[in-house]
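Trainee: Structure provided below as structure tokens; questions to follow.
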Amino acid sequence: MAIDFSQHFTYKRLLRFTLPSIIMITFTSIYGVVDGFFVSNFAGETAFAAVNFIIPVLMILGCVGFMFGTGGGALIAKTMGEGESDKANRIFSLIVYTSIICGVVFGTIGFAFMESIASLLGAEGQMLSDCVLYGRIIVVAVPAFILQYEFQCLFVTAGKPKLGLYITLAAGIVNIVLDALLVGLLGMGLVGAALATALSQVVGGVIPLVYFFCRNGSLLRLGKTRWDGRALLKTCANGSSELMTNISMSIVSMLYNIQLLRFAGEAGISAYGVLMYVNMIFISIFLGYSSGSAPIVSYNYGAQNKEELKALLKKSIVIIGISSVLMFGACLALAKPMSWLYVRDNQYLYDMTVHAFMIYSFSFLFAGFAIYSSGFFTALNDGVTSAIMAFLRTLVFQTAAVLLLPLVLGLDGIWLSIIVAEVAAVALSVVFLIAKRKKHGYA
């Protein structure tokens, strides 16, 4: 039975509703963690560095799914809140069909230019060959990858977050089992890791497609649609912040890799890769809560229920605050175990990774608030504000920090740059939340 967005959400109900989204997005991020574990232990340090080096490029190709999912979900939920369910289904269908076309185009471009991109970023020799090999296999599944990210958001809008969770878990299990079989048992190295990830993305993207085409008990169903440029433009505008966040994060990751290659060589990229595995999981928790709570915000905004909107913002700030402190502590606790798991055979690399963890962990005290604030404005269908916040946080602040701080502080400047950027992003978020409170009715 679909969930009623018009009900009052207590802390317990809000957490119960958003938990499937949190697990969905977090579990998807584990794909890279699993690939990295098997590659680092069975294919060697160069192959491990190659995977971490090319992943940001692959994420850029697939992150359009977040734009369609979050932006479309906000518009669909708002439309349902206004009582126009048929129109909501037409918009839903248009968004899904458009994303499939985008996936085919992006996958083709990625396959054709993978070697040029990796070379341009600084990969050479064996690492370049490994980047191309791994990347080209993954991009074949980009259409499914886009759908997977998209449906993770739209299952929530359809009132079926648990079903979305089950499908994501199934895809994750496929990835883990195939990694163990292809990489661990059969020794297929990078090819095995790439095939495992690509096939799991097919599971995560195609099964929801079949579900929404069939009769189902959700609020949404795929069917006939018609061109609605205004709705598609609104979707892209609403989701532009999430698109900008993911593209910017990938670009910044590339800059980190370039800087680390300069200051610490392949060892620096490997250390950053381990750090990013924890970062992906923790950031996914914030992203999951943001996308999971977004349909509730959008529905109440469309229904002009200002008191519930105000209560949702207050509860979310409390939840994000407590989670941030817990993640900070968890990152400190995981520093040595995670470093040992991936780079235990190289003492220099192990020490570098543990040291980086100790610095980087402070960023989680601030990241959640900045991520949720941007997502909150997306849910309010204020895509411009959300995009400005995302652009400044991920591209301007982080880029400036990672380029400038190493000039003064060397390698430590690279690890510190994320903290400086997140503090600046939180300050910006506070300004926008105060400035927009009356316009959107959550004052």
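Residue numbers for the sequence shown follow this note's numbering, beginning at -1 and rising by one.
Beta carbons: idealized from backbone N, C-alpha and C, even for Gly.
1. How many Å lie between His6 and Gly290 at the Cα?
2. Three or more C-beta pairs under 8 Å: does that hold for the stretch 238 to 254 against the stretch 53 to 70?
3. For the 8 Å Cβ check, are there 3 or more pairs between the stretch 248 to 263 and the stretch 331 to 345?
4. Would Gly71 and Cys129 qualify as a contact pair, given that the criterion is a beta-carbon distance under 7 Å?
5. Flag this pair as yes or no: are the beta carbons of Ile98 and Pro54 separated by less than 7 Å?
6. Of all the options Val421, Ala423, Thr16, Arg88, which has the alpha carbon lying nearest to the alpha carbon of Leu218?
7. For Ser321 and Ile281, I'd like the C-alpha separation in whole angstroms.
8. Leu393 to Gly202, Cα distance in whole Å?
9. Along the chain, which unbroken stretches of the alpha helix (DSSP H) at least 4 residues long are found entirely within the stretch 72 to 105?
10. Look up Glu442 in the DSSP assignment and say whether it is helix, strand or coil.
11. Beta-carbon within less than 8 Å of Leu307's beta-carbon, same chain only, minus the 5 sequence neighbours each way: which residues are those?
12. Taking three-plus beta-carbon pairs below 8 Å as touching, is the stretch 98 to 110 in contact with the stretch 262 to 278?
13. How about the stretch 35 to 54 and the stretch 204 to 224: do they share at least three Cβ pairs that are nearer than 8 Å?
14. Once the 5 residues before and after Met(-1) are set aside, which same chain residues still bring their CB inside 6 Å of it?
15. For Tyr9, which of Leu92, Gly187, Leu310 has the nearest alpha-carbon?
16. Does the count of Cβ pairs from the stretch 379 to 399 and the stretch 318 to 332 closer than 8 Å reach three?
17. Measure from the alpha carbon of Cys234 to the alpha carbon of each residue in Leu92, Gly79, Phe36, Ile369, then state which is nearest.
18. As a quick exercise: from Val421, Leu347, Val32, pick the residue whose alpha carbon is nearest that of Ser268.
19. From Thr77, Arg14, Lys434, pick the residue whose C-alpha is nearest to that of Lys160; which is it?
20. Three or more beta-carbon pairs under 8 Å between the stretch 187 to 202 and the stretch 118 to 135, yes or no?
21. Please classify Val316 as buried or exposed, where buried requires at least 16 neighbouring CB atoms within 10 angstroms.
22. Alpha carbons only, please: which of Ile417, Phe395, Gln302, Ala301 is nearest the one belonging to Ala354?
23. Among Gly34, Ile52, Gly319, whose alpha-carbon lies nearest the alpha-carbon of Val250?
Mentor: According to the data block:
1. Approximately 16 Å between the Cα atoms of the pair.
2. Contact between the stretch 238 to 254 and the stretch 53 to 70 is present, because at least three Cβ pairs lie under 8 Å.
3. Result no; under three Cβ-Cβ pairs closer than 8 Å.
4. Their beta carbons are not under 7 Å apart, which means Gly71 does not touch Cys129 by this criterion.
5. Taking 7 Å as the Cβ cut-off, Ile98 and Pro54 do not qualify as a contacting pair.
6. Nearest of Val421, Ala423, Thr16, Arg88 to Leu218, Cα basis: Arg88.
7. Our two residues, Ser321 and Ile281, have alpha carbons roughly 11 Å apart in a direct line.
8. If you take the alpha carbons of Leu393 and Gly202, they lie about 29 Å apart.
9. Restricting attention to alpha helix (DSSP H) runs no shorter than 4 residues, the stretch 72 to 105 encloses none.
10. The structure shown does not extend to residue 442, since the chain spans only -1 to 441, so no value can be given for it.
11. Excluding positions up to five away in sequence, the list reads Val295, Asn298, Tyr299, His438, Gly439, Tyr440.
12. The stretch 98 to 110 vs the stretch 262 to 278: no contact.
13. In short, these stretches do not touch, since the Cβ pair count stays below three.
14. Per-residue confidence for Met(-1) stands at a pLDDT of 41, beneath the threshold of 50, marking its modelled position as unreliable; no derived number is given.
15. Nearest C-alpha to Tyr9: Leu310.
16. No: fewer than three Cβ pairs fall under 8 Å.
17. For Cys234, the closest of Leu92, Gly79, Phe36, Ile369 by C-alpha to C-alpha distance is Leu92.
18. Put simply, of Val421, Leu347, Val32 the residue whose alpha carbon is nearest the alpha carbon of Ser268 is Leu347.
19. Considering only alpha carbons, the answer is Arg14.
20. In short, these stretches touch, since the Cβ pair count reaches three.
21. It is exposed - the Cβ of Val316 has fewer than 16 other Cβ atoms within 10 Å.
22. Ala354 has its Cα closest to that of Ile417, out of Ile417, Phe395, Gln302, Ala301.
23. Ranking the options by Cα distance to Val250, first place goes to Ile52.
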